[in-house]
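J.: Just so you know, the sequences run in chain order A and B.
With full-length UniProt numbering applied, the first sequence closes on residue 376, and no number is skipped along the way.
With full-length UniProt numbering applied, the second sequence closes on residue 495, and no number is skipped along the way.
For glycine and all other residues, C-beta sits at the position ideal for the given N, C-alpha and C.
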Amino acid sequence: MASSLRRCNLGLILSRFQSISGRSSNGGTRLRRLSTAMISEERVSPYSEGAGNKSINLFSAINQALHIALETDSRAYVFGEDVGFGGVFRCTTGLSDRFGKQRVFNTPLCEQGIVGFAVGLAAMGNRAIAEIQFADYIFPAFDQIVNEAAKFRYRSGNQFNCGGLTIRAPYGAVGHGGHYHSQSPEAFFCHVPGIKVVIPRSPQQAKGLLLSSIRDPNPVVFFEPKWLYRLAVEEVPENDYMLPLSEAEVIREGSDITLVGWGAQLSVMEQACVEAEKDGISCELIDLKTLIPWDKEKIESSVNKTGRLLVSHEAPITGGFGAEISASITERCFLRLEAPVARVCGLDTPFPLVFEPFYLPTKNKILDAIKSTVNY
Amino acid sequence: MAIWLSRSKKIAHLLKPKIAYFPQPKIAPSEFSYKIYENHVNSSSFGTLSGENIRSPHVFLDNSATMSALNRQWRRTESTRAGEQVETVPYSDDNYEDENQALDFPGGRVSFTHEMKFISEAADKRIPCYRVLSDDGYPIAGSRFEQVDKETAVKMYKSMVTLQIMDNIFYEAQRQGRISFYLTSTGEEAINIATAAALTSDDVILPQYREPGILLWRGFTLQEFANQCFGNSADYGKGKQMPIHYGSNKHNFFTISSPIATQLPQAAGVAYSLKMDKKEACVVAFTGDGGTSEGDFHAGLNFAAVMDAPVLFICRNNGWAISTPISEQFRSDGVVVKGQAYGIRSIRVDGNDALAVYNTIRAAREMVIHEQKPVLVEALSYRVGHHSTSDDSTKYRPVDEIEHWKTARNPLARFRKWVHKNGWWTDDEESELRGSIRKQLLNAIQVAEKMEKPVLAEMFSDVYDDLPSNLHEQEKSLRETIKRHRQDYPTDVPV
Ligand SMILES: Cc1ncc(C[n+]2csc(CCOP(=O)(O)OP(=O)(O)O)c2C)c(N)n1
Ligand SMILES: [Mg+2]
């Protein structure tokens, strides 16, 4: 059918937010995304060995982390819009039955209220794990995050802090989200000293990084790649484990060019690396994981090895966090760089529904940029 | 148009209906007295109404009696300290001059009291809900309402049916994967259509998202709805937004934006402009019950009140905000009581009674425009459908609650009974209408689906009035990429 073909090509639509894997389009977009799980399956990481590993998807990994956080700290709370019945992405399923409505609850529809409440709760020594339903709706809480959470410790000379605060929010493209269910607002928060920004790329990472974020003595904004909630599946240890913040990870070693990214974009970059390899280009792929404070040293040493850098993110290129990485690495590795730092990012438009496939930093855009950087 | 004083045909209709799910707020403990709150001391705003401005004054004019009752209540003596009796004299014009009895304070004199009284968190009775038609479609005894002529009534009914069928068919289209998302107004057809009918086309609508009936009433065609949902080249939004984010300048309907409640402070600004331009029109701003929790709701109401902006705020209280019931949204007696705190006249109406909504909105609109100040309407209804196609509401609410509202409280059924009884509508007309709307919709969907998507250049247009150099550059580079990798891109978007 012509119409269904058209839909597939668009990589749009078809899936509901809650059943991304079940009904996702079979177009290029889906293939791109599926490989995140593949990457992770290929790699055997130290903490995933042994018994008790089950293949689970990303939202279940988040759910496990929240169970553990509530179990291991009686002063931990989970709340947000529609969190009580399990959340619109099912991340909080079963929590309120298990831990009670006083610790896991719905809030009124008010993001500034959610974060303000969370700041206060955290200031009293609790772990406040607040959910913002979509990263696109975090902006009413911007003041509470930027002027309050981020400066709570500093402005009081460390008499007060809200380090127990973690704000979780699904971010990024999903194939059919349009303006307000697709955005990647991480760069806004990277401009704010006093908070940490963390973005996982897979289920295993999500669980370990979320537990670290919750237990980190600083407020953390934790963006979850919603495209991967159901799509990314990998073995995740059932036990309580944490992955270090502010530590980037080389997830693919190479010698000709360094690629840096985070979250869902890594799987797209991974595919570009695989293809570049066929052309004899050896790519080193790094997952930044924590955007601030970020692991400059690891990127620097990789670029000192390869002499080239490419950064990729879904957010608009102008003022994106790629710009910061590019500037810092240029400062540090100026004499070693053999080509300008390449950025393959979202375009400088609002996130468009029908034009999403054109807007996104696709595998081939990255591949082209790898080639032109290497052949500079 | 005449004002009707209509009589019920059956006594049974006088019985107060039970509203199944609206939770009862706790009654205040008796040691806290709350007379001030309860009796609407601030009656000045009611005093300015003139018959000329109001076509259905019955809705609110009952305050003089309350005022004298209030004064009587206050005239009593009480003890403040052992052995010492002090007479408390209530605020009244006579003792205005007594510095000891009242505080001259911005906003008007505030009387002193020896009683330490807290205003209660709840009145002992919930604010009643204005209603005209019984569930059986009979005007309730004693209810006063403006007669709706046959033509308007039939148009209202037909529009409600059209909206219902449109929802069903688009919902199905989403299930079949033909559109990416949909959200119905099922259960709220009366609020949609009766509001639209009571306004004029000059009134500017700032919607939330469950009010497509306003557009429908104003002549936005089924094809135009379909074009938006399919994001094709005829969509006024140029395919940039998700389905149901309609907008039409020619219909004075601002484009829908997903972020909740952002339209409410904007409404005050739009209305201020109408005011400065001395327009015989108002702004109608919608919110859901959930939306009233956002800071923007409070900002919007307060700005409209302070700026004397002609905004008619309509809250569709449908009991739910996705999975969150109103009992977890607010502890007040719903939304209607919030108006007074901002100095905004307010009313609660049965949102499933098309005649009541129609009358309420007409009266409210008159006030808003002729007194140049905001009014808040809370329409009680129920979200009969799932929140959207991304939701399964049986996960969080009982099926029989949904069923109750779908059947016993169905707004279409109620209004239909009334038009039917008036002899304005027959079963034959009904089935003919349904058949024809269905056909039109299926056709509209086919046309919309076949139509090309907007051209690629539209992706870059409208970010600003003009293309800045960064976008020029990005467009150029994108076009080169497309040439190299045509297979990566959808073929139905002309490049
Ligand atoms: C700022 C913001 N936060 C959260 C959301 C997600 N969201 C979309 S609709 C909705 C519930 C709205 O409920 P209500 O205002 O009662 O309207 P209804 O859907 O019942 O018509 C929520 C939480 C949003 N769109 N915007
Ligand atoms: Mg609602």
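(1) Please classify B/Gln176 as buried or exposed, where buried requires at least 16 other C-beta atoms within 10 Å of its C-beta.
(2) Mind checking whether the beta-carbon of B/Arg383 lies closer than 8 Å to any heavy atom of ligand 2?
(3) Could you pull out every residue in the same chain whose Cβ sits closer than 6 Å to the Cβ of A/Leu259, ignoring the five residues on either side in sequence?
(4) Is it a yes or a no for the stretch 345-352 of chain B touching the stretch 298-308 of chain B, going by three-plus beta-carbon pairs under 8 Å?
(5) Compute every distance between the C-beta of B/Ala321 and the non-hydrogen atoms of ligand 3, then say whether any falls below 8 Å.
(6) Under the assumption that B/Tyr377 contacts B/Ile326 (Cβ atoms under 8 Å), give the Cβ distance between them as a whole number of angstroms.
(7) Within the stretch 167-243 of chain A, note down every full beta strand (DSSP E) run reaching 3 residues or more, in order along the chain.
(8) Identify every run of the alpha helix (DSSP H) within the stretch 100-128 of chain A, keeping only runs that are complete inside it and at least 4 residues long; order them along the chain.
(9) CB A/Ala141 to CB A/Gln183, shorter than 9 Å?
(10) Should A/Phe139 be flagged as near chain B, meaning a C-beta pair shorter than 9 Å?
(11) Assuming B/Ala309 and B/Ala356 are in contact, meaning their beta carbons sit under 8 Å apart, how far apart are those beta carbons, in whole angstroms?
(12) Skipping 5 residues on each side, what residues in its chain have a beta carbon closer than 6 Å to that of B/Ser64?
(13) Helix, strand or coil, according to DSSP, for B/Ile437 in the structure here?
(14) For B/Asp277 and B/Gln263, I'd like the C-alpha separation in whole angstroms.
(15) Looking only at its chain, what residues have a beta carbon closer than 6 Å to the beta carbon of B/Asn227, apart from the 5 residues adjacent to it on each side?
(16) Count the other CB atoms, across all protein chains shown, that sit within 10 Å of the CB of B/Arg484; report buried if there are 16 or more and exposed otherwise.
(17) Distance check for B/Gln340 and B/Ile482, CA to CA, integer angstroms please.
(18) Does any residue of chain A bring its CB to less than 9 Å from the CB of B/Gln241?
(19) Using three-state DSSP, classify B/Asp488 as helix, strand or coil.
(20) How many Å lie between B/Gln329 and B/Asp289 at the Cα?
(21) Anyone know if the C-beta pair for B/Lys131 and B/Ser143 falls short of 9 Å?
(22) Contact criterion: CB-CB distance below 9 Å. Does B/Tyr489 meet it with respect to chain A?
(23) Report the residue from B/Ile445, B/Asn192, B/Tyr382 whose alpha carbon sits nearest the alpha carbon of B/Lys406.
(24) Please identify the residue among A/His181, A/Gln204, A/Pro244 whose C-alpha is closest to the C-alpha of A/Lys54.
(25) List the residues of chain B that A/Pro352 touches, going by C-beta distances under 8 Å, in chain order.
(26) Just the C-alpha distance for B/Phe460 and B/Pro454, rounded to the nearest angstrom, thanks.
(27) Using only alpha-carbon positions, find the residue among B/Glu473, B/Glu458, B/Thr394, B/Asn317 that is nearest to B/Ile191.
(28) Answer with yes or no whether the minimum CB distance from residue 377 of chain A to chain B is below 9 Å.
(29) Taking the alpha carbon of A/Asn218 as the reference point, which residue from A/Ala128, A/Gly320, A/Glu235, A/Gln265 has its own alpha carbon closest?
(30) I want to check one thing, is the minimum distance from the CB of B/Asp296 to the heavy atoms of ligand 2 below 8 Å?
(31) Take B/Ala268 as the anchor and find which of B/Arg331, B/Ile344, B/Pro494 has the nearest alpha-carbon.
(32) So is the beta-carbon of residue 565 of chain B under 8 Å away from any non-hydrogen atom of ligand 1?
(33) Please go through the same chain and pick out, in chain order, the residues whose beta-carbon is closer than 7 Å to the beta-carbon of B/Leu441, but skip the five residues on each side of it.
(34) What residues are listed by DSSP as bridge partners for A/Lys54?
(35) For B/Pro259, go through chain A and note every residue whose CB falls closer than 9 Å to its CB, in chain order.
(36) Quick one, are the C-beta atoms of B/Pro139 and B/Ser180 less than 9 Å apart?
T.: Reading from the atomic positions:
(1) exposed
(2) yes
(3) Met269, Cys283, Leu285, Leu310
(4) Contact between the stretch 345-352 of chain B and the stretch 298-308 of chain B is not established, with fewer than three Cβ pairs separated by less than 8 Å.
(5) Among the ligands present in this structure, namely ligand 1 and ligand 2, ligand 3 is not found.
(6) Inspection of the sequence shows that residue 377 of chain B is occupied by Val rather than by Tyr. About 17 Å separates the two Cβ atoms, so there is no contact after all.
(7) 196-198, 220-225, 233-237
(8) 111-123
(9) no
(10) yes
(11) Incorrect: roughly 26 Å between the Cβ atoms, too far for contact.
(12) Low confidence applies here, because B/Ser64 scores a pLDDT of 41, under 50, leaving its location unreliable and the question unanswered by this model.
(13) helix
(14) Approximately 21 Å between the Cα atoms of the pair.
(15) Ala234, Asp235, Ala448
(16) The residue in question, B/Arg484, is exposed, as its Cβ has fewer than 16 Cβ neighbours within 10 Å.
(17) If you take the alpha carbons of B/Ile482 and B/Gln340, they lie about 58 Å apart.
(18) By the rule that beta-carbons nearer than 9 Å mark a contact, B/Gln241 touches chain A.
(19) helix
(20) 8 Å
(21) It is worth fixing the name first, because residue 131 of chain B is Arg in this sequence and not Lys. Yes, the Cβ-Cβ distance between B/Arg131 and B/Ser143 is below 9 Å.
(22) yes
(23) Put simply, of B/Ile445, B/Asn192, B/Tyr382 the residue whose alpha carbon is nearest the alpha carbon of B/Lys406 is B/Tyr382.
(24) A/Gln204
(25) Gly239, Lys240, Met459
(26) B/Phe460 and B/Pro454 have their C-alpha atoms roughly 12 Å apart.
(27) B/Asn317
(28) Only positions 1 to 376 of chain A appear in the structure, and residue 377 of chain A is not among them; the question remains open.
(29) A/Ala128
(30) no
(31) Nearest of B/Arg331, B/Ile344, B/Pro494 to B/Ala268, Cα basis: B/Ile344.
(32) Because residue 565 of chain B is not part of the residues shown, which for chain B are 1 to 495, the question remains open.
(33) Non-local beta-carbon contacts of B/Leu441 in its own chain, meaning distances under 7 Å to residues more than five positions away in sequence, involve Ile165, Met166, Ile169, Leu222 in chain order.
(34) A/Val236
(35) Correct list: Asp136, Tyr137, Phe139, Pro140, Tyr180.
(36) no
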